[in-house]
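Order-wise, the sequence lines are chains A and B. In this text, residue positions in the first sequence follow the numbering used here: the first is 101, and each later residue adds one. In this text, residue positions in the second sequence follow the numbering used here: the first is 300, and each later residue adds one. For each residue, glycine too, the CB sits at the ideal point set by N, CA and C. Just so you know, these numbers come straight off a predicted model, no measurement behind them.
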Amino acid sequence: MIEQFGRAGFLLLFAVAFPLLPIVASVVLGVFKIRPRKPDPVKESIYECGMVPIGNAQVRYNVRYYVFGLLFVIFDVEAVFLYPWAVTYRQLGLYAFVEVVLFLGILFVGYAYAWRKGAMEWK
Amino acid sequence: MTEGLNFDYTVFIPEFLLLGLAAAIVALDLAYPAIRKQWLAYIAGCGLLATAGVSLAWIDVETNFADLVVVDNYLTYFRVFFMVIAAVVAFASADLVAQRLKHPGEYYGLIIVSTVGAIGMAGARELMTAYLSLELLSFSLYILVSYAKFDRRSNEAGMKYILLGAFSSAMFLYGMSLIYGITGTTYYSGIAAALGERATDFEWALLMGLVLMIAGIGFKIAAVPFHMWTPDAYEGAPVAVTAYLATTSKAAGFAFVLPLFSNAFQVVHDDWSWMLAGMAAATMILGNVVALQQRNIKRLMAYSSIGQVGYLLMGVAALSHASASALVLHLTGYMVSNLALFVVIIAWVHMNDSEEIADFRGMRERAPLLAGVLAGALFSLAGLPLFAGFVTKFILFQAATDDGYLWLAAIGVTTSVISLYYYLQVMREAFVSAPAEGAGPLPVPLLMRGLAVAMMLGVFYVGLYPQQLFDAIDNATRFLFV
Chain A
101 MIEQFGRAGF LLLFAVAFPL LPIVASVVLG VFKIRPRKPD PVKESIYECG
151 MVPIGNAQVR YNVRYYVFGL LFVIFDVEAV FLYPWAVTYR QLGLYAFVEV
201 VLFLGILFVG YAYAWRKGAM EWK
Chain B
300 MTEGLNFDYT VFIPEFLLLG LAAAIVALDL AYPAIRKQWL AYIAGCGLLA
350 TAGVSLAWID VETNFADLVV VDNYLTYFRV FFMVIAAVVA FASADLVAQR
400 LKHPGEYYGL IIVSTVGAIG MAGARELMTA YLSLELLSFS LYILVSYAKF
450 DRRSNEAGMK YILLGAFSSA MFLYGMSLIY GITGTTYYSG IAAALGERAT
500 DFEWALLMGL VLMIAGIGFK IAAVPFHMWT PDAYEGAPVA VTAYLATTSK
550 AAGFAFVLPL FSNAFQVVHD DWSWMLAGMA AATMILGNVV ALQQRNIKRL
600 MAYSSIGQVG YLLMGVAALS HASASALVLH LTGYMVSNLA LFVVIIAWVH
650 MNDSEEIADF RGMRERAPLL AGVLAGALFS LAGLPLFAGF VTKFILFQAA
700 TDDGYLWLAA IGVTTSVISL YYYLQVMREA FVSAPAEGAG PLPVPLLMRG
750 LAVAMMLGVF YVGLYPQQLF DAIDNATRFL FV
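Following this line, the structure appears as structure tokens:
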């Protein structure tokens with residue numbers, strides 16, 4: 101038991117050391133004046149895959165996206181559930197049909213509720 | 300695979316009725332926006348009480364649904380228990396929600412849906428079912444805590460609650476997966492059978508699984524050291540939701556823990572009882588001592604509820620039939636007293652717009668009936684004779700002592716004395732301090748007065764004639780130890 105945890109612990113040590121090593125090396129080499137330090141504005145700017153960064157990264161998103169995202173997820177998951185049902189529909193028969201109609205009915209009520217509450221409007 | 304399992308959906312009729320009620324209230328609010336919002340509360344409350352009546356049809360019935368949910372007297376007891384609590388909270392929040400909060404339909408809908416979750420926690424005999432019920436309850440509560448949408452404190456409370464709640468759920472799930480890894484099943488009975496055969500093969504994994512599960516549960520019931528969210532969530536939530544948090548969410552935690560530990564983990568009692576005993580001691584001491592310096596009534600109630608969780612955990616640590624009965628009895632007495640107190644707090648805070656304990660001054664002159672109920676409820680929480688708290692605590696401490704936890708009972712008695720001090724602080728403001736200049740008698744709504752008196756009668760019923768109730772509870776918890 102302990103031995104197995106030990107192997108995972110070794111992996112953990114390696115995972116921590118791997119990113120830490122270059123940082124520590126950079127600092128140590130800087131202290132001994134081996135690493136040159138010549139900053140300029142382009143070097144100090146944020147790395148954006150070669151693009152020139154525009155504006156601040158910490159912008160505020162409109163909360164309305166969240167409502168649309170939520171509605172999308174509901175129908176996305178609905179579609180995921182319908183696929184296995186459609187594939188095995190012939191074997192499952194009437195019982196599964198009724199269950200899916202019930203499932204869609206519940207989702208439809210939720211959809212009508214969101215619509216009535218004005219979740220679809222951008223205001 | 301599914302041969303021999305009982306797929307009788309009729310055992311869920313009370314839950315179906317509740318979900319229908321919740322949908323109907325939301326639809327009613329949506330279709331008739333002009334309806335007086337108090338009516339939604341009355342419909343919710345009456346519907347809950349009616350469903351509680353319907354669920355009485357399952358008394359002395361023993362059945363199950365696919366071995367996932369067991370319907371017996373234990374579930375029936377907690378069905379009625381949770382529905383009555385939700386009904387009281389719905390009635391008590393009628394004016395508050397109508398005048399201070401938006402979306403009243405969803406408010407009552409969420410209270411009813413969370414009640415279904417709480418019932419599921421009491422009835423589940425399988426880990427995934429229990430977990431889903433737990434999340435149904437928790438998700439409803441996350442929304443309810445942040446229900447005052449334009450109040451920053453409410454948003455903050457909701458944020459803290461959902462983050463720590465999600466964290467604790469994750470720990471609980473991890474614990475569940477470890478237990479599943481050891482035993483190969485998620486059914487309580489299967490876990491007990493597997494642990495009985497080969498518990499010693501996986502001591503470390505079992506210990507980790509138990510620690511993680513107990514930590515997850517500890518968050519939900521707010522036991523020290525997992526209590527940090529409680530005061531903030533209680534303070535930020537609208538006061539009626541605080542009442543609901545302090546009652547149903549706590550009680551559901553214990554209703555879930557009892558079958559879990561008695562059916563699944565009783566065979567390895569020695570592996571976990573010391574954790575719960577330690578938590579009980581820490582919870583009693585910290586909850587009651589920190590409560591001493593609170594100035595806000597909601598924070599005071601939060602620490603008081605943490606202290607009470609300590610007493611209740613004692614019953615879980617000592618787990619036997621006697622201590623389980625004592626635990627449920629104390630839970631019932633505590634909930635009745637807590638609801639009585641919260642009805643007064645809801646009425647007072649709503650009318651005075653202040654949550655400071657100092658602003659309870661002059662309640663005796665301004666609202667004598669509320670002051671009387673406040674006194675009774677506080678005495679009951681502190682555990683003075685005549686009131687519910689004394690009998691139930693006495694039986695609980697006695698049961699713990701019989702099971703060998705004399706030291707826990709000693710801490711319980713000591714901290715009960717400490718609790719008397721801060722409960723009496725509230726009473727001093729209400730009875731001794733003079734009202735503010737120009738503050739006249741308060742027009743307390745008839746409904747709130749009726750609720751306060753009804754709850755007070757409940758406190759006296761538990762305090763003076765506990766025999767009947769105790770027999771009912773003993774009959775209910777018997778099913779956990781067969």
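Asked	Found
Beta-carbon spacing of B:Ala646, B:Val672 below 7 Å	no
Check whether B:Arg663 and B:Ala670 have beta carbons under 7 Å apart	yes
Proximity of B:Ala666 and B:Val743 at Cβ, strictly below 7 Å	yes
Touch test, the region 511–520 of chain B against the region 335–347 of chain B, Cβ-Cβ under 8 Å, three pairs minimum	no
DSSP bridge partner residues for B:Val369 (one or two, in chain order)	B:Asn363
Helix, strand or coil at A:Asn162 [DSSP, three-state]	coil
B:Met458 - containing alpha helix (DSSP H), residue span	Arg451 to Thr482
B:Gln592 - containing alpha helix (DSSP H), residue span	Run containing B:Gln592: none; DSSP gives neither H nor E here.
Buried or exposed (CB count within 10 angstroms, at least 16 for buried), B:Met420	buried
Inter-stretch contact at 8 Å, needing at least 3 Cβ pairs: the region 557–576 of chain B / the region 489–498 of chain B	yes
Nonlocal neighbours in the same chain, by C-beta distance under 6 Å from B:Leu347, ignoring five residues either side	Met382, Ala385 and Ala386
Opposing strand residues paired with B:Ala397 [DSSP bridges]	Partner(s): none; B:Ala397 has no beta bridge.
B:Lys692, enclosing alpha helix (DSSP H) - first and last residue	Ala687 to Asp701
Short Cβ contact (7 Å threshold) for B:Tyr473 with B:Ala532	no
Proximal residues to B:Leu436 (C-beta, below 6 Å), its chain only, five neighbours per side dropped	Ser413, Gly416, Ala417 and Ala551
Chain-order list of residues whose beta-carbon lies under 7 Å from that of B:Ala579 (same chain, five-residue window excluded)	Gly609, Leu612, Met613, Ala616 and Leu707
Cut-off 7 Å between Cβ atoms - residues of its own chain near B:Met300, not counting five sequence neighbours on either side	Note that B:Met300 scores 47 on pLDDT, short of 50, meaning its location in the model is unreliable and no value can be drawn from it.
Residue from B:Ala657, B:Leu355 and B:Thr691 whose Cα sits closest to the Cα of B:Ala733	B:Ala657
Supposed contact pair B:Thr546 and B:Met458 - C-beta distance, whole angstroms, cut 8 Å	Incorrect: roughly 23 Å between the Cβ atoms, too far for contact.
is_contact[A:Arg135, chain B] using C-beta, thresh 7 Å	no
Any chain A beta carbon closer than 7 Å to B:Leu329	yes
Close-in-space but distant-in-sequence residues of the same chain around B:Ser718 (CB under 8 Å, 5 per side omitted)	Asn587, Ala590, Ser603, Gly606, Leu680, Ala681 and Gly682
Beta-bridge pairing of B:Ala423 - partner residues as DSSP gives them	B:Val368
Any chain A beta carbon closer than 7 Å to B:Leu316	no
Same chain, Cβ closer than 8 Å to B:Val725, neighbours up to 5 away in sequence not counted	Ile596, Leu599, Ile656, Phe659, Leu673 and Leu677
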